[in-house]
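Notes for the one structure printed next.
There are 2 protein chains.
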Amino acid sequence: MIHIEGGVCAAKGFKANGVHCGIRKNRDKKDLALIVSEKRAAAACVYTKNLVKGAPIHITKQNVADGYAQAMICNSGNANTCNLGGEEIALEMCRLVEKETGIPYSDVIVASTGVIGQPLDIEPIAAGLPALAAGLEVSSENACAAIMTTDVVPKATAVSFEIGGKKCAVGGIAKGSGMIHPNMATMLVFVTTDVSISPEMLQKALSADVDDSFNMVSVDGDTSTNDMVSVLANGMAGNDMIVSEGEDFDTFKAALAEVTKTLCRMIAGDGEGATKLLECNVTGAETKAVAVTVSKSVICSALVKSAMFGADANWGRILCAIGYSGAQVDVDKIDVAFRSEAGVLPVCKNGRGVPFSEEFAKEVLTEKEIKIDVELNGGTASATAWGCDLTYDYVKINGDYRT
Amino acid sequence: MIHIEGGVCAAKGFKANGVHCGIRKNRDKKDLALIVSEKRAAAACVYTKNLVKGAPIHITKQNVADGYAQAMICNSGNANTCNLGGEEIALEMCRLVEKETGIPYSDVIVASTGVIGQPLDIEPIAAGLPALAAGLEVSSENACAAIMTTDVVPKATAVSFEIGGKKCAVGGIAKGSGMIHPNMATMLVFVTTDVSISPEMLQKALSADVDDSFNMVSVDGDTSTNDMVSVLANGMAGNDMIVSEGEDFDTFKAALAEVTKTLCRMIAGDGEGATKLLECNVTGAETKAVAVTVSKSVICSALVKSAMFGADANWGRILCAIGYSGAQVDVDKIDVAFRSEAGVLPVCKNGRGVPFSEEFAKEVLTEKEIKIDVELNGGTASATAWGCDLTYDYVKINGDYRT
């Protein structure tokens, strides 16, 4: 498996585009994205578990209920959530895709991201769709830009691999940044592949994958109303269709995991206001559930996040976050170390502090990617969670997001 | 019941003091507090549920196991947690109190607050105790100052009331500010009263009280390792001892609640970096548990907190926080309004936005105390939670707390 360029257009038979249609005031910011498959594709989605769900979530659920879809449309600038008539607008977005591409509206995955609680005007979308469809090309770039909100960095990745001698690809784009704390679902992620796989097995692969990928990312502890990951698999790689578990399914799952985990790191590293990517690796846990709970608690702690922003090796906050996580662990067995390109800094052994050089600590913690290694010495299970530091800019961005 | 001055010295028979003994480098910051009762008193405590517990917590539990205590000692600047020999140091603090006051070490409540994971040196405490004990006076002020960490505002309150014709008082001091997200326990709070009450009934009153007071406060979602509320009741008011439920017990509980809720508001309003006190009142819930879960989720949302800092009426984030709280509510029935001294601003009706004036919204949200009223329209239960806004200064304070 190798990483390749191309994002959602890395797999055969996919085109994409993104335009500024006018939902956002800033004309330099694209706000409408479209991804289409040449052939109808197996489709799988996971959705936010927030009880407040964006209107597009409901329409997408209807449209992929039969296990197939062929296009994805997504706007930024307005979440189409907690407003009146939102579902009609979401459905109309699908109908407009049908009008311009001939793909039935019931095969369209629809998503929105942006401010909650404001009416979404269909006019700019209707006006923008002809150019959006006409400009479809074998490039992820414009679509990737159009789904960004407060994201600073575009997030696209892809891998190439083989199944049964056939060259296959999986690629994806993501919108992350804020209101990111997936709960059995995630932020907006669109993944495409040319692998031939049944809708059932595609959903199985995706549902298993998110537990180790997007569900392990947190920027700010807020689970969005519009979170969704969707995958289209159009089968154009020509492999024997994957209809059960086995070697081919495992190969596909590994490729999917490589794409999703890469996007996770991109999302966490580009969290709102973030200057650093944090990765918490928990090992030696009695169960996977313990490892997950501990790693997410550390990554979500506002005090740990602030300390990392300040490159302050205040490891007591890590012990504190483990202690209140709800996981049953023996706190007197915990070892903690910070790790980055500058080296490894052990700070805690058996739940007690060990002496360290503050100078070296600063060196380790001023790097852009900080790993927090937690060894529980209580078993063999492990988990990794990703997050980012808490900065002045997070507060600035969210102190006045709507204006 | 009326509010009076005096803090922990409002009740008869209590004296207090605070000095700078040298745990902190800044000589202008007091770091050691002592509160003593003239008579041995019924004692009740609740403690942090964090698995990582400060050494003083273990010693205090031993010392109040018999239901009685007579003194409270507390240092700031070092949490005496996750270090070697912490319990011996905490015990030695109690022994030093015995040496200077004659109160048996096993009747001393001991607490520490500050950085986690560093050895606590007994030398400055031993050196400071003679002056600390010699200066005991009928004034809360020095003790209140000595338990502060990043607190900006001293937190003391007291009330006067009658039980059986006898004049009684309950008063308290608190240290709050950061790492505040109580879980069945709380931050550091010392309460004194001259009410005569059995240890069992005192513990019953306190344990019930914290569910509606300190357990409803969150500054940053981090449950401290050293949280504790303790109450001493020395009986010097001369009322018939409260040994069962009834009118006298209810009167005492009401007075205790007035003190604890006042301290809660002080703690939330003086949260690290805070510019505003937030209060979320949830009404119309099916159960108390739903009301508690919803109100705490709103108060804890980093996005809600940031919006309040920016005086931005971004109510969609409140719906979002309710939706991911885990409470089962009908999101299409939710009404939300912001309220402050400037007026009431309804922003959401039946889960959908209602038009409002942005100018008036700014007026309402630039006040120092913001109430977020959430009506679930699904029952009769209610709850109130307190928090604060998330600001640049929170990040600043916690980006380099140790230096």
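Each protein sequence line maps, in turn, to chains A and B. If you use the numbering used here, the first sequence corresponds to residues 3 to 405, in order. If you use the numbering used here, the second sequence corresponds to residues 3 to 405, in order. Glycine residues also receive a C-beta, built at the ideal position from the N, C-alpha and C atoms. Here the structure is a predicted model, which is why all the values come from computation and not from measurement.
- Beta-carbon to beta-carbon, Ala171 of chain A and Ile111 of chain A are separated by about 19 Å, too far to satisfy the 8 Å threshold.
- Interface criterion not met: the Cβ of Asn217 of chain B is under 9 Å from no Cβ in chain A.
- Residue-level contact by beta carbon holds for Gly355 of chain A and chain B, with a gap shorter than 9 Å.
- Under the three-state reduction of DSSP output, Ala46 of chain A falls in the strand class.
- A distance below 8 Å between beta-carbons, with the five flanking residues on each side excluded, links Lys157 of chain B to the following residues of its chain, in chain order: Cys146, Ile175, Ala176, Lys177, Gly178, Leu265, Met268, Ile269 and Asp272.
- Residue pairing by DSSP puts Ala176 of chain A in a beta bridge opposite A:Lys157 and A:Val191.
- Proximity of the region 301-321 of chain B to the region 358-376 of chain B meets the contact definition, three or more beta-carbon pairs being nearer than 8 Å.
- For Trp388 of chain B, no chain A residue has a Cβ inside 7 Å of its Cβ, as the nearest lies near 17 Å away.
- Closer than 9 Å to the CB of Tyr394 of chain B there is at least one CB belonging to chain A.
- Counting C-beta atoms within 10 angstroms of its own C-beta, Gly345 of chain B has fewer than 16 neighbours from the protein chains shown and is therefore classed as exposed.
- The C-beta distance from Ala304 of chain B to Leu392 of chain B rounds to 6 Å, short enough to meet the 8 Å contact threshold.
- Ranked by how close their Cα comes to the Cα of Thr382 of chain B, the residues B:Asn228, B:Glu343 and B:Thr289 have B:Thr289 in first place.
- Comparing alpha carbon positions, the residue from B:Ser327, B:Ala210 and B:Val331 closest to Ala256 of chain B is B:Ala210.
- If the five residues before and after Tyr396 of chain A are omitted, its C-beta is found closer than 6 Å to the C-beta atoms of Glu274 and Gly275, all from its own chain and listed in chain order.
- Two segments are said to touch when three or more pairs of C-beta atoms, one from each, lie closer than 8 Å; by this definition the region 97-112 of chain B does not touch the region 17-33 of chain B.
- The continuous stretches of alpha helix (DSSP H) do not include Asp314 of chain B, and DSSP gives it neither H nor E.
- Between Trp388 of chain A and Val54 of chain B, the alpha-carbon positions lie close to 23 Å from each other.
- Within chain B, the residues whose beta carbon sits less than 9 Å from that of Ile118 of chain A are Asn316, Trp317, Gly318, Arg319, Leu321, Cys322 and Gly355, listed in sequence order.
- Here DSSP, grouped into helix, strand and coil, assigns Ser142 of chain B to coil.
- Ile374 of chain B is a Cβ neighbour of Val300 of chain B, given a cutoff of 9 Å.
- Tyr394 of chain A and Lys169 of chain B have their C-alpha atoms some 50 Å from each other.
- Within the same chain, Ala13, Val172 and Ala235 come within 6 Å of Thr195 of chain A by CB-CB distance, once the 5 residues on both sides are set aside.
- Pro132 of chain B counts as exposed, since fewer than 16 other beta carbons sit within 10 angstroms of its beta carbon.
- For Arg267 of chain B, no beta strand (DSSP E) run applies; the uninterrupted alpha helix (DSSP H) run containing it begins and ends at Glu249 to Gly271, by DSSP.
- As summarised for the region 340-378 of chain A, the continuous alpha helix (DSSP H) elements at least 4 residues long and confined to that stretch are 360-367, given in chain order.
- For Cys282 of chain A, the enclosing beta strand (DSSP E) covers residues Leu279 to Ala287.
- Judged by DSSP in its simplified three-state form, Gln330 of chain A adopts coil rather than helix or strand.
- Under the DSSP assignment, Met95 of chain B falls in the alpha helix (DSSP H) whose first and last residues are Gly88 to Thr103.
- Here Ile4 of chain A is exposed. Its C-beta has fewer than 16 other C-beta atoms within 10 Å.
- Per DSSP, Ser209 of chain A is one residue of the alpha helix (DSSP H) stretching across Pro201 to Asp214.
- No Cβ of chain A is located within less than 9 Å of the beta carbon of Gly271 of chain B.
- At a cut-off of 9 Å between C-beta atoms, Ala304 of chain B counts as an interface residue with respect to chain A.
- Sorting A:Phe16, A:Ala385 and A:Ser141 by C-alpha distance to the C-alpha of Gly286 of chain A places A:Ala385 at the top.
- Beta-carbon to beta-carbon, Gly353 of chain B and Lys335 of chain B are separated by about 7 Å, close enough to satisfy the 8 Å threshold.
- Against chain B, the beta carbon of Tyr107 of chain A has no neighbour under 7 Å; the closest one sits roughly 25 Å away.
- Gly240 of chain B and Ser198 of chain B have their alpha carbons spaced roughly 7 Å apart.
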